[in-house]
Amino acid sequence: MDPTAPSPAPPAGDGAQPSDQNRQRPRSALRGALGVAFPIAVSFLFSFLVGLAGLALGGLSSTASVSMPSTCRILSSGVDLRSSKVCELGLLNYRAKHVFYPSSKRRFRCHDDYYWASVLQVEYTEYFSGQLSYAVAEAPKEALPHNCRPDFGAAWSTTLKFKVNESYSCRYMLGSNKADIHSNKLFNCTAEEPSTGELFKRILILFSEMYVSEDFSSGRMLVYVAAGVVLGMLSSMFITALFRGMYGLLLAAARWAVRKHCIRVFASRLKRACLLVAYVSAVGWITLQYSKFIGLKELLSDSEVMERFF
């Protein structure tokens, strides 16, 4: 062998193997990172959607009392000082009309908001039983915004619109001693429900307050985050398994339907065959009975005897 001859080139696969491995390593790392990050992201998204669904379902619940129409007779009228409790924003009152945002300067979480109201003692007839009952009608029924809240003079002038022993259309609340004589139309002021933007702002404030609160230390927050991630992943796995199980049940039901159809086809064919056998048997039995009745056997035997003679 000539030593000056060039050595044979290595196979293409052996020469490209190290470079291919170097290229596959980042891809494998990227796939592993995505495999870890994707379930976590899905769990966070699922938890967020579940939270929004809970808030939406909580907003669907109505706390308003059922009211019935009636006619109220004014027994007495006057002006009194009423109060409504206004508390700091929290998880239980984030949908309230009046809240105040958290502040380190406040010493108390709730305070009473006082306002003047026209108070009317009324008598009405119940819608179902027809009995006389007594109730109290107030105007306004709640604390209105400060820019249009009626003062003592406005509340007193409102009582003058309703004369004693006169009857007015009203609505009374079932299960309570409250009545309503169209109090919303007496003042050009209403306490509106918080808008969607206001609710979103309140929710963000609540989450931010929970995050920076002293009750939630860093270690405790990590525990809550880890628990949320684990619960989110478990819930995602449970939902995935549930959907797969339902899909398997649907496939099994479809297969059972196909098998049941095949069984029905086989049963119908077997029924037809049985009916055919029964029909042939019945026709044969009737034919034999008819031949016995007319003496067909004797006639045939007589014809054979006659043929022998001829």
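Going by UniProt numbering, the sequence shown opens with residue 1, and the numbers climb by one from there. Here a beta-carbon is modelled for each residue, glycine too, at the ideal position from N, C-alpha and C.
Limits of the beta strand (DSSP E) - the one that residue i falls within
i      : result
Ala135 : Leu132 to Ala139
Glu123 : Cys110 to Thr125
Ala179 : Lys178 to Asp180
Where residue i falls: helix, strand or coil (DSSP)
i           : result
Gly245      : helix
Pro150      : coil
Pro194      : coil
Ile74       : strand
Phe100      : strand
Val280      : helix
residue 335 : With the chain covering 1 to 310 only, the question about residue 335 has no answer from this structure.
residue 320 : Not covered by the structure: residue 320. The range shown for the chain is 1 to 310.
Tyr172      : strand
Lys292      : helix
Ser62       : Residue confidence is low: Ser62 scores 48 on pLDDT, short of 50, so the model does not pin down where it sits. Its coordinate-derived value is still stated next. The answer is coil: DSSP assigns Ser62 none of H, G, I, E or B.
Lys260      : helix
Lys271      : helix
Lys85       : strand
Ser167      : strand
Ser67       : strand
Leu251      : helix
Phe310      : Residue confidence for Phe310 is low, a pLDDT of 47 falling below 50, so the modelled location carries little weight; the figure read from the coordinates is stated next. Here Phe310 sits in coil by DSSP.
Arg202      : helix
Arg95       : coil
Endpoints, the alpha helix (DSSP H) within which residue i is located
i      : result
Thr190 : Element bounds for Thr190: n/a, residue is neither H nor E.
Status (buried if at least 16 other CB within 10 Å, exposed otherwise) for residue i
i      : result
Ala135 : buried
Leu234 : exposed
Pro26  : exposed
Ala282 : exposed
Cys170 : buried
Ala139 : buried
CB contact flag (residue i, residue j, <7 Å)
i      : j      : result
Thr158 : Ser118 : yes
Leu120 : Ile74  : yes
Ala154 : Tyr115 : no
Tyr127 : Met68  : yes
Ile107 : Glu88  : As written in the sequence, residue 107 is Arg, which differs from the Ile given in the question. Cβ distance not < 7 Å, so Arg107 and Glu88 don't count as in contact.
Ala191 : Lys85  : no
Arg202 : Tyr124 : no
Ala137 : Ile181 : yes
Ala41  : Val122 : no
Taking one C-beta from the stretch 178-197 and one from the stretch 140-153 each time, how about it: are there three or more such pairs within less than 8 Å? yes
With three or more C-beta pairs closer than 8 Å as the rule, is the stretch 96-105 touching the stretch 67-80? no
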